[in-house]
Amino acid sequence: MLDTLFSPQSIAVIGASRTEGKLGYAVLANIIQSGFSGAIYPINPKADEILGRSCYQGLDEVEGEIDLAVIVIPARFVLDTLETCGKRGVGSVIVISAGFRETGHEGLMAERKMAEIAQEYQMRIVGPNCLGVIDTLAPMNASFAVGMPPQGQIAFMSQSGALCTSILDIALAQEIGFSRFVSLGNKADLNEIDFLQAWAEDPESKVVMAYLEGIADGGRFIDVARHMTKHKPVIAIKSGSTSAGSRAVSSHTGTLAGSERAYEAAFKQAGVIRADSVGDLFDLSVAMARQPLPRNERVAIITNAGGPGIMATDAIERCGLSLASLDQETREKLRQVLPSVASVLNPVDVLGDALADRYQAALQAVTADPHVGALIVILTPQFMTEIEETARAVGQVAEGSDIPVLACFMGEANTEPGAKILTDHNVPNYIEPERAVAALRAMVDQRQWQERPPPEFEAFDVDRERVARIFEQVRSDGRLQIGDAEARDILEAYRIRIPASKLCKTSDEAVTFADEIGYPVVMKIASPDILHKTDIGGVRLNIEDASDVRDSFDLLTFRAVRYMPDAAIWGCLVQQQVRGGKEVIAGMNRDPQFGPLVMFGLGGIYVEVLKDVSFRIAPFSRREANEMMREIRSFNLLRGVRGQARSDIEAVADTLLKLSQLVTDFPDIVELDINPLIVFDEGRGTMGIDMRLVLAP
1397 MLDTLFSPQS
1407 IAVIGASRTE
1417 GKLGYAVLAN
1427 IIQSGFSGAI
1437 YPINPKADEI
1447 LGRSCYQGLD
1457 EVEGEIDLAV
1467 IVIPARFVLD
1477 TLETCGKRGV
1487 GSVIVISAGF
1497 RETGHEGLMA
1507 ERKMAEIAQE
1517 YQMRIVGPNC
1527 LGVIDTLAPM
1537 NASFAVGMPP
1547 QGQIAFMSQS
1557 GALCTSILDI
1567 ALAQEIGFSR
1577 FVSLGNKADL
1587 NEIDFLQAWA
1597 EDPESKVVMA
1607 YLEGIADGGR
1617 FIDVARHMTK
1627 HKPVIAIKSG
1637 STSAGSRAVS
1647 SHTGTLAGSE
1657 RAYEAAFKQA
1667 GVIRADSVGD
1677 LFDLSVAMAR
1687 QPLPRNERVA
1697 IITNAGGPGI
1707 MATDAIERCG
1717 LSLASLDQET
1727 REKLRQVLPS
1737 VASVLNPVDV
1747 LGDALADRYQ
1757 AALQAVTADP
1767 HVGALIVILT
1777 PQFMTEIEET
1787 ARAVGQVAEG
1797 SDIPVLACFM
1807 GEANTEPGAK
1817 ILTDHNVPNY
1827 IEPERAVAAL
1837 RAMVDQRQWQ
1847 ERPPPEFEAF
1857 DVDRERVARI
1867 FEQVRSDGRL
1877 QIGDAEARDI
1887 LEAYRIRIPA
1897 SKLCKTSDEA
1907 VTFADEIGYP
1917 VVMKIASPDI
1927 LHKTDIGGVR
1937 LNIEDASDVR
1947 DSFDLLTFRA
1957 VRYMPDAAIW
1967 GCLVQQQVRG
1977 GKEVIAGMNR
1987 DPQFGPLVMF
1997 GLGGIYVEVL
2007 KDVSFRIAPF
2017 SRREANEMMR
2027 EIRSFNLLRG
2037 VRGQARSDIE
2047 AVADTLLKLS
2057 QLVTDFPDIV
2067 ELDINPLIVF
2077 DEGRGTMGID
2087 MRLVLAP
């Protein structure tokens, strides 16, 4: 729970200042003005008193225990001060001081020393280079932010201090409450995962809201967040995820991956709800903090205007929710309380002249309907509209309802008094129907995630030692890249079916093997230095007889020597030519944050041009493998359209799971492609035709 950070009994401000406008002054003033009831120790060797508090020359002069120290001094003095804090038994430290890794190598080394000090003294550190920490429950504002947010049930953390100040300003204007508020800074010690763990069991924090720029330990993040989101929503906005990695990649998967794909997959697998903007962050967090989750996907709408009701209906259909079909009893109740020309179907139109009592009667009828999972109440300000009275009616009904009630009082100047009343009743208000619907979509997603069983990771009976021997041999040859001739042994070891094939060193050997397996055959140049064989014309299809085999052998080796004279040529791979089926691609690229990022998509133009692919972080479950397939736009081609046979989707899932196991078993695989992977009709399985693989140095 990080008690000495969030619930300290005493705080020392190291670098407290007498000068208004300096950080040391602002931090001390905020702690005092926030109503903190514990002991406060300003530390400043050049002052006797600041803001009515006696000053201390140093920590050694303080007689009592110190739970929390806030450091606001130049960077060059911070490490020695942390040593003093550790020896003094300080439980937690907030290092607001800047001048560390953001300044270069020397600053980075200082941060690493900071982490060592934290570990040596079992002391937790927030920062450096941060805004500070606010706890509205203590209460305590150990930051240099302007203003103290109201108390609420949202815990917030941010890797951007500047964004923290903007978030606080928005929260103050919209009366959005927080429980805890943390500026992470450079994360020398405590990071986003530590706070997720701390807040997972925090009864005062109903929702976690986060702004993230980078996650150091992606695997641990997924594990912690997956556990937490089963009972508490985590809503995050992620920036800086569109730049491609600097390392050169040779596989299709590597080209199509990138950190954006990895974060998208990680959030999905961890149950983290991703917001696209700061506005979304607030919209979703406030809805989940103030209202119960929907009991189903069916939404009811009550409105005094037809146009906004249609806008909400369109948004509901677009995002995959549905309009609730009202019960016959509900419609009868509505007929009794609404004018005869009003609509008692969904959306329920109470008409433009509706006063508060008509809204209230409709609200009571609709919220009691067992088919309704959530309700959106739309109000447009007409001349006769009772905005404040209607807001009270909405709030009173919402407080007694077990379904979420979201308001859409469209407007600002005239509806502002009503919006404040809705806030008092914990009813989220949105000025656009689409925003209310988006919040409900996220709430339904959270409900479905909570009801979803935990992932089960399957383990196949594979020959791991065989693969280890191949890798050892490749490395002993001074190589990192593995082409199709060797990679087929890896596929076989992990029970992925491959066509009959053989590496032939001479044309006579090639003819003998082709005669043995039957025509037509495929021939490919075999070289550890040539991964992309088609680029040099190193593949020939539809070889029908022995004469063609000999000609192809000579042609392929000639082309290889001509285009890559320094390449080691092993001969040609002669392979059974596979007929029928559909081409897909499966691969992996190792992401620096999250590890093995597995890709699936249809082959051919679908991957080359349309980039119709999906991703998951390995390991993943069979359910997640099936979701990968269904996420691609061209999935219906596998499912069977216009009389085509259904492909063996279950066998594709098996292959993806075996691939997941392979790249989890061998962390030194950094890139891998099975392209194409042929998927036959249902019941006939899959077959890996070509594979390439790259090992880590």
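This note's numbering applies: residue 1397 is where the sequence shown begins, and numbers increase by one. Heads up, the beta-carbon is just placed ideally off N, CA and C, and yes, glycines get one too.
Asked, Found
"From Phe1779, Cys1481 and Ser1721, residue whose alpha carbon lies closest to that of methionine 1519", "Cys1481"
"Alpha-carbon to alpha-carbon, glycine 1879 and glutamine 1869", "13 Å"
"Other residues of its chain near arginine 1643: CB distance less than 6 Å, five sequence neighbours each side excluded", "Here the model assigns arginine 1643 a pLDDT of 43, short of 50, so the residue's position is not dependable, and the following value carries that caveat. Cβ within range, chain order: n/a, list empty."
"DSSP three-state assignment for aspartate 1749, whether helix, strand or coil", "coil"
"Sequence-distant residues of the same chain with beta carbon closer than 6 Å to methionine 1707, five excluded per side", "Pro1829"
"Whole-Å CB distance - glycine 1528 paired with isoleucine 1492, under 8 Å assumed", "6 Å"
"CB contact flag (leucine 1371, glycine 1977, <8 Å)", "A question about residue 1371 goes unanswered here, because the residues of the chain that appear run from 1397 up to 2093."
"Complete alpha helix (DSSP H) runs within the segment 1865–1921 (minimum length 4 residues, chain order)", "1880–1889 and 1903–1913"
"With 16 other Cβ atoms within 10 Å as the buried cut-off, status of lysine 1920", "buried"
"Rounded Cβ spacing between glutamate 1979 and glycine 1997 (contact assumed at less than 8 Å)", "That pair is no contact at about 10 Å."
"Under 8 Å between C-beta atoms of arginine 1686 and asparagine 1822", "yes"
"Reference isoleucine 1467; option with closest CA among Phe1805, Asn1525 and Ala1906", "Asn1525"
"Whole runs of the beta strand (DSSP E) within the segment 2018–2084, excluding any shorter than 3 residues", "2065–2075 and 2082–2084"
"Residues near glutamate 1609 in its chain [Cβ-Cβ closer than 8 Å; skip 5 each side]", "Gln1555, Ser1556, Lys1634, Ser1635 and Gly1636"
"Of the residues Ala1942, Asp1944, Val1917 and Leu1969, the one placed nearest isoleucine 1926, counting alpha carbons only", "Leu1969"
"Opposing strand residues paired with cysteine 1804 [DSSP bridges]", "Ile1774"
"Segment limits, beta strand (DSSP E) that includes threonine 1699", "1694–1699"
"Range covered by the beta strand (DSSP E) that runs through glutamine 2176", "It is not possible to answer for residue 2176, since the shown part of the chain is limited to 1397 through 2093."
"Whole-angstrom distance between alanine 1683 and threonine 1625, CA atom to CA atom", "16 Å"
"Alanine 1494: first and last residue of the uninterrupted alpha helix (DSSP H) it sits in", "Where alanine 1494 is concerned, there is no enclosing alpha helix (DSSP H), given that its DSSP letter is neither H nor E."
"For phenylalanine 1856 and arginine 1891, believed in contact at Cβ under 8 Å, the rounded distance", "6 Å"
"C-alpha gap between tyrosine 1826 and glycine 1703, whole angstroms", "16 Å"
"Candidates Gly1417, Glu1847, Gly1934 and Glu1507: closest to leucine 1689 by CA position", "Glu1847"
"Same chain only: Cβ atoms within 6 Å of tyrosine 2002, ignoring 5 sequence neighbours per side", "Asp2008 and Ser2030"
"Euclidean distance between Cα positions of alanine 1676 and leucine 1802", "At residue 1676 the sequence reads aspartate, which differs from the alanine that was named. Approximately 15 Å between the Cα atoms of the pair."
"Bridge partner(s) assigned by DSSP for lysine 1634", "Leu1608"
"Buried or exposed (CB count within 10 angstroms, at least 16 for buried), alanine 1569", "exposed"
"Local conformation of leucine 1533 per DSSP, three classes", "coil"
"Buried or exposed (CB count within 10 angstroms, at least 16 for buried), alanine 2092", "exposed"
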